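Numbering (our numbering), first residue to last: 77 to 206.
The structure appears right after this line, and notes come after that.
Below, the structure written as structure tokens:
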């Protein structure tokens, strides 16, 4: 499912809104902040009952957008779209996860909040292109 298709689902989280909200939770680290904004909780046991495939895709797309700001190589294959298979998507999300984790290890929560805000702006511009 592409980011555009995801954004068109009536119950799917909006990537830009979720990234912007995650900035408020930056003290929980990048992954905790994203999960808190997307799923309403950071512990798997707390959100396992409410997570949908759309939420999981949204988390992956959000990580790709966030990781692309840290290292352009994350988005060197473009943005997720319908042509991406599950393997390619999971590889790109895995790469983004490593990049974001490495970046977060050397930066403050305030810097993470700024990065999340910038990622929200990037996601918003991508959502407007659809």
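Beta carbons: idealized from backbone N, C-alpha and C, even for Gly.
Quantities reported herein were computed from a predicted structural model and do not represent experimental measurements.
Where the alpha helix (DSSP H) containing residue i begins and where it ends
i, result
"residue 143", "129-146"
"residue 169", "162-180"
"residue 197", "185-204"
"residue 121", "120-123"
"residue 149", "Counting along the chain, residue 149 falls outside any alpha helix (DSSP H), and DSSP gives it neither H nor E."
Beta-carbon proximity check, residue i vs residue j, cutoff 8 Å
i, j, result
"residue 106", "residue 145", "no"
"residue 199", "residue 95", "yes"
"residue 60", "residue 109", "The requested residue 60 does not occur in the structure, where the chain is confined to residues 77 to 206."
Residue i to residue j span [Cα, whole Å]
i, j, result
"residue 120", "residue 111", "9 Å"
"residue 162", "residue 139", "15 Å"
"residue 202", "residue 122", "31 Å"
"residue 128", "residue 91", "15 Å"
"residue 169", "residue 136", "5 Å"
"residue 149", "residue 173", "13 Å"
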